[in-house]
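Visitor: As you go down the protein sequences, you meet chains A and B in turn.
So for the first sequence, the numbering used here puts the first residue at 16; every next one is plus one.
So for the second sequence, the numbering used here puts the first residue at 57; every next one is plus one.
For every residue, glycine included, the Cβ atom is placed at its ideal position computed from N, Cα and C.
For reference, the structure I am asking about is given below.
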Amino acid sequence: KAGVTQTPRYLIKTRGQQVTLSCSPISGHRSVSWYQQTPGQGLQFLFEYFSETQRNKGNFPGRFSGRQFSNSRSEMNVSTLELGDSALYLCASSLVGQQNTEAFFGQGTRLTVV
Amino acid sequence: AQSVAQPEDQVNVAEGNPLTVKCTYSVSGNPYLFWYVQYPNRGLQFLLKYITGDNLVKGSYGFEAEFNKSQTSFHLKKPSALVSDSALYFCAVRDWAGKSTFGDGTTLTVKP
């Protein structure tokens, strides 16, 4: 059974540009969550999608957005990139987003903004 | 709002000794608690979870965790540490809506 796949693994962008990250969940998983991981801020929740609808949202500015497709694949977009957006972005999928189910994480996309 | 605290940034233990990584939480309603481990340049891997039932939960790689409702704690333990256990450990709580909150992580270093 394939795990959670995130593409690309590494990305370098210039300040002011925008970026789109992709996440393919484990087959059958309909809940996809996104997290930002930085050395200073730890693991911060961005948003969660379930059945193409955003169900939960963290405390990030509107520059951070996402969407989920009918096949449960999800994309995350960051517009007008800032240096502080440099981070490891992790995607996690779980079965139907129930509170008692664990999340399965991808290896992440390392975004560097220069 | 729910929260998770991991009071120790770093834990150092000698190989073969028992280890404990501490976690306390705050959540409305029944807590759903998880431990994850992260190796360098990798995503998080699930170790174990507490949903209900026995307070001592057993998980992967010989790890276990003890749920203590009165102290709102969910400490991760292992009777005998291995060098390969060295990694970053995260405690997480999940609320009724499915939103997860993670602690800041604890770096475990096991020395030979």
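Residues of chain A with CB under 7 Å from Asp160(B), in chain order?
Guide: Reading the second sequence from its first residue, position 104 is the one you call residue 160(B). Within chain A, the residues near Asp160(B) are Gly57.
Visitor: Looking at chain A, which residues of the stretch 104–119 of chain B have a Cβ within less than 7 Å of any of its Cβ atoms?
Guide: Within the stretch 104–119 of chain B, the qualifying residues are Lys105, Ile107.
Visitor: Just the Cα atoms here: how many angstroms apart are Leu105(A) and Trp49(A)?
Guide: One-based indexing of the first sequence puts residue 105(A) at position 90. One-based indexing of the first sequence puts residue 49(A) at position 34. Answer to the nearest angstrom: the Cα atoms are 6 Å apart.
Visitor: Quick one: does Tyr92(B) have its CB under 9 Å from some CB of chain A?
Guide: Working through the second sequence from its first residue, we reach residue 92(B) at position 36. Yes, contact with chain A.
Visitor: Using only the alpha-carbon positions, how far apart do Val149(B) and Val60(B) sit?
Guide: As a first step, residue 149(B) must be located in the second sequence, where it is residue number 93. As a first step, residue 60(B) must be located in the second sequence, where it is residue number 4. Whole-angstrom Cα-Cα distance: 7 Å.
Visitor: In the DSSP assignment, find the beta strand (DSSP E) that holds Tyr25(A) and state where it starts and stops.
Guide: Within the first sequence, the letter at position 10 stands for residue 25(A). Its beta strand (DSSP E) spans residues 25–28.
Visitor: Can you give me the C-alpha to C-alpha distance between Ala153(B) and Asp110(B), rounded to a whole angstrom?
Guide: For the purposes of this step, residue 153(B) is identified with residue 97 of the second sequence, where counting begins at 1. For the purposes of this step, residue 110(B) is identified with residue 54 of the second sequence, where counting begins at 1. If you take the alpha carbons of Ala153(B) and Asp110(B), they lie about 24 Å apart.
Visitor: By DSSP's criteria, His131(B) is part of a beta bridge. Which residues make up the other side?
Guide: For this step, residue 131(B) is matched to residue 75 along the second sequence. Partner(s): Glu122(B).
Visitor: With Cys38(A) as the anchor, note down where its beta strand (DSSP E) starts and where it stops.
Guide: Here the question's residue 38(A) lines up with position 23 in the first sequence. Element bounds for Cys38(A): 34–39.
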